[in-house]
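K.L.:
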Amino acid sequence: MNGSPTGTGPTAGTGLERLHHSATPVADQEVNRHFIEDLIGLPLTATWCEESVTTPGMTFCHTFYELDDGGALAFFQMSAPHDHEFLLGPTNRYNHVALRADTATLDAVHQRLVAAAYPHFIQDHGYVKSLYVTSPDGLELEIAVDPPNVEEIREKRMSDARSELARWLAGDHRTNNDWRPEHHSVIHYPAHRAAADA
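Using the UniProt record's numbering, the first residue of the sequence shown is number 1, and each one after it goes up by one.
1) Just the Cα atoms here: how many angstroms apart are ALA195 and THR175?
2) What are the boundary residues of the beta strand (DSSP E) that includes SER130?
3) Quick one: measure Cβ to Cβ for TRP179 and GLY126, integer angstroms, because I've assumed they're closer than 8 Å.
4) Out of ALA98, ARG100, LEU99 and VAL133, state which residue places its alpha-carbon closest to the alpha-carbon of GLN111.
5) For the candidate residues HIS20, ILE36, GLU17 and LEU19, whose alpha-carbon lies nearest to that of VAL26?
6) CA-CA distance, HIS173 and ARG162?
7) State the DSSP-derived secondary structure class of MET58, mapped to helix, strand or coil.
8) Ends of the alpha helix (DSSP H) at GLU37?
9) Check whether the region 54-71 and the region 13-23 are in contact - that is, three or more C-beta pairs closer than 8 Å.
10) What residue range is occupied by the uninterrupted alpha helix (DSSP H) comprising LEU169?
11) Report the three-state DSSP secondary structure of HIS82 (helix, strand or coil).
12) Closest to ALA72 by CA distance: which of LEU99, ILE122, ILE153 and GLU30 is it?
13) Would DSSP call ARG18 helix, strand or coil?
14) I'd like the span of the beta strand (DSSP E) that includes GLU142, first residue to last.
15) With 16 as the cutoff for other CB atoms within 10 Å, does ILE122 come out buried or exposed?
16) What number of angstroms, rounded off, separates the C-alpha of PRO181 from the C-alpha of LYS129?
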């Protein structure tokens, strides 16, 4: 639920137009390229080989994979292993990048991941249907499809965003997601992973 894709919605006029890029360290650019380009489907559009201006002697490779709107997912690999190690930290699924797509695109990504036997899962949150997958370097990536009634949902949440935040911060932690399916499920692929996670 990213708001208006045309920049004409209620939040237009901020001067902040779209994601330029996100940046994530990786251990192996080719392993990452296979995941991002071959499995997820984003094309490699730029590779920059540079030396750090803040850390003399540190050299790195910086790759960009472009989204349809011109934004990009970007990745760093340091040439020296000891330079790379300090960039890596613990990750979890709540720290993630979500890319908006349509159902056909989510299905295509899903089919490529299934064909590669690459672990991922799909969850219907009601206000968005999501495919979650973790890159070889720990980037948590979400492919997110808005439902047909996304504008209705967006208007409702915009109307009470501040009051709902205040309510939650005051200790009232009841859910307000009336759009989540009553029998929502998380479907893991490959299927055997669900048993391992239980």
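Idealized CB from N, CA, C, for every residue including glycine.
Predicted model only: the values in this text are computed from it and were never measured.
P.N.:
Short version:
1) The residue labelled residue 195 in the question sits at position 195 within the sequence shown. The residue labelled residue 175 in the question sits at position 175 within the sequence shown. Legend: pLDDT at ALA195 = 39, less than 50; position of this residue unreliable, value from coordinates given subsequently. Each residue's Cα considered, the two are about 28 Å apart.
2) On the sequence shown, position 130 is the one that residue 130 refers to. Taken as a continuous stretch (DSSP letters only), the beta strand (DSSP E) holding SER130 covers 129-134.
3) Reading the sequence shown from its first residue, position 179 is the one you call residue 179. Reading the sequence shown from its first residue, position 126 is the one you call residue 126. Confirmed, about 3 Å.
4) In the sequence shown, the residue the question calls residue 111 occupies position 111. For the residues ALA98, ARG100, LEU99 and VAL133, the minimum Cα distance to GLN111 belongs to VAL133.
5) Translated into the one-based positions of the sequence shown, residue 26 becomes position 26. When each option's Cα is compared against that of VAL26, the closest is ILE36.
6) Here residue 173 refers to the residue found at position 173 of the sequence shown. Here residue 162 refers to the residue found at position 162 of the sequence shown. If you take the alpha carbons of HIS173 and ARG162, they lie about 15 Å apart.
7) In the sequence shown, the residue the question calls residue 58 occupies position 58. Looking at MET58 - three-state DSSP - the assignment turns out to be coil, as it is neither helix nor strand.
8) If you number the sequence shown from 1, residue 37 lands on position 37. GLU37 -> no alpha helix (DSSP H), and no H or E assigned at all.
9) yes
10) Locating residue 169 in the sequence shown gives position 169, where the first residue counts as 1. Start and end: 150-169.
11) To locate residue 82, count along the sequence shown from 1; it is residue 82. Reduced to three states, the DSSP call for HIS82 is helix.
12) Position 72 of the sequence shown holds residue 72. If we check each option's Cα against that of ALA72, LEU99 comes out closest.
13) On the sequence shown, residue 18 is found 18 positions in, with the first residue counted as 1. It is coil, neither helix nor strand.
14) Numbered from its first residue, the sequence shown carries residue 142 at position 142. Unbroken beta strand (DSSP E) run through GLU142: 140-145.
15) Along the sequence shown, one-based indexing puts residue 122 at 122. Buried, because 16 or more other Cβ atoms sit within 10 Å of the Cβ of ILE122.
16) The residue you call residue 181 lines up with position 181 of the sequence shown. The residue you call residue 129 lines up with position 129 of the sequence shown. Near 11 Å, if we compare the C-alpha coordinates of LYS129 and PRO181.
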